[in-house]
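Scroll down for the structure; my scribbles are underneath it.
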Ligand code: FEO
Ligand code: CA
Ligand code: CA
Ligand code: CA
């Protein structure tokens with residue numbers, strides 16, 4: 042480990058950026074969003090069965106991708122719903138213990154992946170590892186765009202797994218963004234960058250499909266590096282894609298390069314994602330706004346929409362811009378006004394067909410998509426839950442018009458093209474005077490209430506006055522502003538619990554919420570540590586338009602009086618800050634990864650039961666190295682492995698290749714490499730048990 046200065050170990054102390062991130066993270070991932078005005082200036086109040094037996098023509102494989110069954114319950118209450126649901130699902134009695142037995146990992150600032158006693162970890166695939174035939178071995182100081190196009194990309198985020206039998210499988214991994222300051226020696230900015238560096242960055246975005254196989258009979262998995270790897274694929278910022286759904290071909294999607302408005306190249310800033318019941322990947326374009334220049338040169342009428350999406354309309358070249366326009370003119374909005382409208386979508390990709398064209402599904406709306414996780418309604422329609430990860434943005438869901446038909450792949454692949462897109466509105470049930478910003482629970486003992494899903498658009502019928510269906514889909518944020526959606530504290534991952542059917546949302550933080558802006562669903566001002574929201578839809582039906590909600594976790598140091606752990610003994614829980622991605626194990630325990638720990642410790646992966654006596658008993662399962670956030674996470678369908686993406690290790694203030702803040706995963710004096718790791722129990726126990 043490097044001899045790090047205290048400032049580097051604890052970037053919070055010197056970091057002018059709000060929240061727990063390093064300034065590098067702010068610049069490269071979000072385009073310094075924190076330093077800019079809040080794009081949401083709307084008047085909205087601050088308040089605010091399935092399944093998965095899957096599937097199909099590709100049988101076992103597709104079924105495995107989906108994990109456990111989702112079952113409905115008849116129970117009404119948020120808390121009460123879980124136990125009967127578990128019983129109904131035949132999940133063995135975890136009501137009182139949550140089935141979790143490991144000893145929590147202590148918070149730390151070490152430059153390594155730390156796992157509980159009895160567990161081991163290894164690295165599956167690193168930035169630069171060969172993915173496609175002919176890819177050279179990674180050479181940090183001799184990287185080329187040609188090599189990068191065939192190698193594993195940078196900053197791995199969402200991870201999902203498609204079994205190819207018991208001991209072989211595919212990983213899909215998102216590559217969210219590039220951190221050029223850590224990738225290239227002497228890098229200053231996009232204007233001074235070499236053209237080769239910019240081409241490398243374009244190729245390091247996107248996603249990868251890689252084949253992996255099980256090591257012996259353990260929970261360890263390894264990258265397949267020899268023989269035929271017929272599914273391996275790289276998708277980048279230049280891969281040909283197409284639009285589908287109601288907005289495809291709309292004038293707002295047409296550019297000088299594409300008069301059809303149906304063909305687009307590449308995807309950008311793909312953060313989290315989901316899988317479909319027919320076994321494809323949904324990958325979410327998040328902070329796409331930062332990749333463009335020339336916003337000052339777009340027609341005046343178009344500027345308000347750009348501003349609402351965080352695109353600068355005053356500067357020709359926003360500071361820190363990667364200058365993709367130097368390689369591809371389309372990134373200059375002064376010349377290609379609509380190019381930015383072609384990003385910010387949910388992209389569907391078939392991991393089993395490396396020649397397939399990725400599809401941007403316009404029916405799911407356009408915003409800073411964090412993820413899209415699917416479930417089925419009681420009558421078999423496909424539902425996708427989605428967050429818009431920016432401060433004061435909204436939570437959405439899409440419900441398909443038609444039903445999922447098991448095995449009818451061609452039909453199923455049309456489901457995401459027609460349906461209703463909703464946005465969430467939350468109402469508290471306690472008097473406003475009792476939500477005082479201190480985090481103190483109101484007299485009824487919970488931050489909770491009711492809510493509704495407000496329809497924005499159904500197929501090509503708009504529900505928003507003054508906007509056509511296509512406009513609602515392309516300018517979804519503006520549509521949601523008009524219908525009174527609730528401004529939330531950065532909605533990240535949203536996912537349905539396969540055991541109790543409730544929806545869990547990670548609200549990561551929001552340093553900008555003022556005391557006057559607190560509401561029962563976002564009860565703390567300057568919310569540094571975030572919270573978890575639990576939604577129980579009416580009759581536990583994913584197609585319902587009303588719901589009850591509660592906040593089971595208000596995060597932070599348990600010694601901080603403003604925190605809440607569902608009433609569990611706070612002296613026993615792990616500190617948790619900035620929940621980002623969520624996942625479930627087969628018992629319905631909620632796994633939470635963090636990004637931007639504001640408690641001066643490394644990020645990590647946590648697990649918490651959501652039912653029984655241990656509801657709220659948060660335990661830290663692992664910590665990631667210096668400067669990294671924890672992405673993924675994914676519990677393998679057989680429950681024997683957990684995959685995490687270790688994103689941006691060493692991304693700390695002042696870090697450079699000449700003075701790396703991390704040497705993970707290769708150690709010695711190596712450069713840090715974003716990588717996917719796997720953790721398993723040495724005696725083959727199920728993860729966490
Ligand atoms: Fe890419 Fe919302 O984190
Ligand atoms: Ca209440
Ligand atoms: Ca995220
Ligand atoms: Ca997730």
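In my numbering, the protein residues as written are 42 to 730.
Note that the Cβ used here is the ideal one computed from N, Cα and C, for glycine as well.
Residue 432 and residue 256 have their alpha carbons spaced roughly 42 Å apart. At a Cβ-Cβ threshold of 8 Å, residue 621 and residue 670 count as neighbours. The set of residues with CB atoms less than 6 Å from any heavy atom of ligand 3 reads, in chain order, 312, 313, 411, 533, 621, 622 and 636. Secondary structure of residue 539 (DSSP, three-state): coil.
Of the candidates 279, 159, 333 and 171, 333 places its Cα closest to the Cα of residue 71.
Short note on residue 493: C-beta not closer than 7 Å to any heavy atom of ligand 1.
A direct Cα-Cα distance of roughly 11 Å separates residue 430 from residue 385.
Listed in chain order, the non-local C-beta contacts of residue 730 below 6 Å within the same chain comprise 140 and 142, local neighbours out to five positions each way being set aside.
The DSSP-derived three-state label of residue 703 is coil. Not one heavy atom of ligand 4 sits closer than 7 Å to the Cβ of residue 604. Secondary structure remark: continuous beta strand (DSSP E) runs of at least 3 residues inside the region 229–287, in chain order: 247–255, 262–264, 274–276 and 281–285.
Residue 606 is positioned such that its CB atom lies no closer than 8 Å to that of residue 412. In the structure shown, the three-state DSSP call for residue 593 is strand. Counted as a single uninterrupted DSSP element, the alpha helix (DSSP H) harbouring residue 452 occupies residues 450–453. Contact check for residue 637 and residue 594: beta-carbon distance about 16 Å, past the 8 Å limit, so the pair fails to qualify.
With a beta-carbon spacing of about 5 Å, residue 554 and residue 566 fall inside the 8 Å limit used to define contacts. Counted as a single uninterrupted DSSP element, the alpha helix (DSSP H) harbouring residue 345 occupies residues 344–349. By the beta-carbon neighbour count (other beta carbons within 10 angstroms, threshold 16), residue 414 is buried.
In terms of Cβ geometry, residue 464 and residue 583 do not form a close pair [threshold 8 Å].
Here residue 251 is near residue 264, since their CB atoms are less than 8 Å apart. Relative to the non-hydrogen atoms of ligand 1, the Cβ of residue 327 comes within a distance shorter than 7 Å of at least one. In this structure, the C-beta of residue 414 approaches ligand 4 to less than 7 Å from one of its heavy atoms. Every alpha helix (DSSP H) of 4 residues or more that sits fully in the region 338–396 is shown, in chain order, as 344–349. Note on the region 198–234: whole alpha helix (DSSP H) runs with a minimum of 4 residues are 221–224, in chain order.
Residue side-chain check: residue 227 keeps its Cβ at 7 Å or more from all non-hydrogen atoms of ligand 2.
Between residue 187 and residue 368 the beta-carbon gap is near 14 Å, outside 8 Å, which marks them as no contact. Between residue 304 and residue 275, the C-beta gap is not smaller than 8 Å, which leaves the two residues out of contact. Going by DSSP, residue 425 is part of the beta strand (DSSP E) stretching over 422–428. Residue 483 has its CB nearer than 7 Å to a heavy atom of ligand 2.
Taking 7 Å as the cut-off, the C-beta of residue 490 counts as close to a heavy atom of ligand 2.
With contacts defined by Cβ atoms closer than 8 Å, residue 478 and residue 556 form a contacting pair. By the neighbour-count definition (other C-beta atoms within 10 Å, threshold 16), residue 68 is a buried residue. Of the candidates 643, 506 and 77, the residue whose Cα lies closest to the Cα of residue 63 is 643.
The beta-bridge partner set that DSSP reports for residue 620 consists of 635. Around the C-beta of residue 724, fewer than 16 other C-beta atoms lie within 10 Å, and the residue is accordingly described as exposed.
DSSP places residue 480 in the coil class of the three-state scheme, outside both helix and strand.
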